[in-house]
Ligand code: GUN
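In our numbering, the protein residues as written are 66 to 344.
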């Protein structure tokens with residue numbers, strides 16, 4: 066058996082085309098602000114990609130690169146100014162931030178109406194309650210990918226590995242919202258292999274190459290790899306041993322070309338949603 070590849074790259078292109086069509090119908094061009102503090106090389110790549118995505122979708126991008134020693138108060142002041150700007154629909158502050166800046170203060174300063182990451186407490190509360198306006202981009206991208214291949218979590222056992230606020234926790238909530246039975250595993254889970262073997266849908270979001278080996282995958286399971294690691298040869302890879310997993314899974318996401326492009330596409334979708342709500 067060889068798994069069907071969940072082609073995030075192709076689906077993301079379709080989502081972006083739809084966003085571009087919708088954006089063109091609005092009376093004003095949607096605007097996204099992307100803020101990068103410091104020189105984190107991975108963050109620089111992510112931000113560059115977001116700028117390109119905006120250009121592809123007809124979204125105005127306001128791109129701020131601030132020095133690593135920017136005082137917290139200065140960043141908060143910028144966010145407050147952006148909250149009040151009519152031409153800015155979405156505000157994203159790339160994480161991680163330098164150590165002297167308190168992430169929680171930053172995320173709570175972004176207006177919930179412009180919080181296209183859905184990291185503000187208000188938006189996280191709405192996700193928990195099941196009536197979100199913005200969904201966090203990575204879990205939303207995974208759900209969109211599952212829908213596109215007619216994979217429903219309803220009645221399935223969904224195992225999420227990783228409990229981050231950005232991916233693991235909201236991923237579990239979205240699967241639950243669609244009637245999956247959800248287990249969230251983490252670094253203190255004693256029997257990770259046994260848990261994973263229960264999964265009809267297995268989502269790994271840890272960031273450790275080789276964490277999920279083929280013997281942890283139930284034959285026929287759907288495998289979604291959210292991680293983006295670099296192996297010893299410098300090549301991008303996920304948490305899942307992809308080649309061997311293809312022989313066990315029914316569907317699987319590649320890295321790169323799976324979840325990553327979907328995350329980016331969902332950011333464009335959230336920016337469009339914010340713009341529509343504000344116009
Ligand atoms: N850093 C890694 N992923 C993300 C994300 O989705 N949003 C932001 N703002 N920072 C990140």
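Positions of the beta carbon are idealized from the N, C-alpha and C atoms, including for glycine.
For clarity, every value in this text was computed on a predicted model and none was experimentally measured.
- Looking at the backbone, the Cα of residue 124 and that of residue 305 are separated by about 34 angstroms.
- Taking C-beta atoms under 8 angstroms as the contact rule, residue 144 and residue 192 fail to qualify, at a distance of about 21 angstroms.
- For residue 203, the CB falls within less than 7 angstroms of some heavy atom of the ligand GUN.
- Secondary structure in the segment 221 to 245: the beta strand (DSSP E) runs of 3 residues or longer, each lying completely within the stretch, are 222 to 226 in chain order.
- Taking the Cα positions, residue 156 is about 15 angstroms away from residue 187.
- In the three-state reduction of the DSSP assignment, residue 329 falls in the helix class.
- Taking the Cβ of residue 117 as the reference point, every heavy atom of the ligand GUN lies at 7 angstroms or farther away.
- Contact check for residue 101 and residue 159: beta-carbon distance about 5 angstroms, within the 8 angstroms limit, so the pair qualifies.
- Look at residue 175 here: in three-state DSSP terms it is coil, with no helix or strand label.
- Between residue 292 and the set 272, 307 and 74, the nearest pair of CA atoms involves 272.
- The ligand GUN has no heavy atom closer than 7 angstroms to the beta-carbon of residue 164.
- Within the model, the alpha-carbon separation for residue 288 versus residue 211 is close to 10 angstroms.
- Membership of residue 314 in any beta strand (DSSP E) is not indicated, and neither H nor E is assigned to it by DSSP.
- In this structure, the straight-line span from the alpha carbon of residue 237 to that of residue 225 is close to 7 angstroms.
- Annotated three-state conformation of residue 296 is coil, per DSSP.
- When DSSP states are grouped into helix, strand and coil, residue 271 belongs to the coil group.
- One thing to note: residue 95 has its Cβ within 8 angstroms of the Cβ of residue 337.
- In this structure, the alpha-carbon of residue 103 lies about 14 angstroms from that of residue 167.
- Around the beta carbon of residue 234, 16 or more other beta carbons lie within 10 angstroms, which makes this residue buried.
- A Cβ-Cβ separation of about 4 angstroms places residue 223 in contact with residue 266 under the 8 angstroms criterion.
- With fewer than 16 other beta carbons inside 10 angstroms of its own, residue 256 counts as exposed.
- If you check the C-beta of residue 159 against the ligand GUN, you find a heavy atom less than 7 angstroms away.
- In this structure, residue 231 has its beta carbon less than 7 angstroms from a heavy atom of the ligand GUN.
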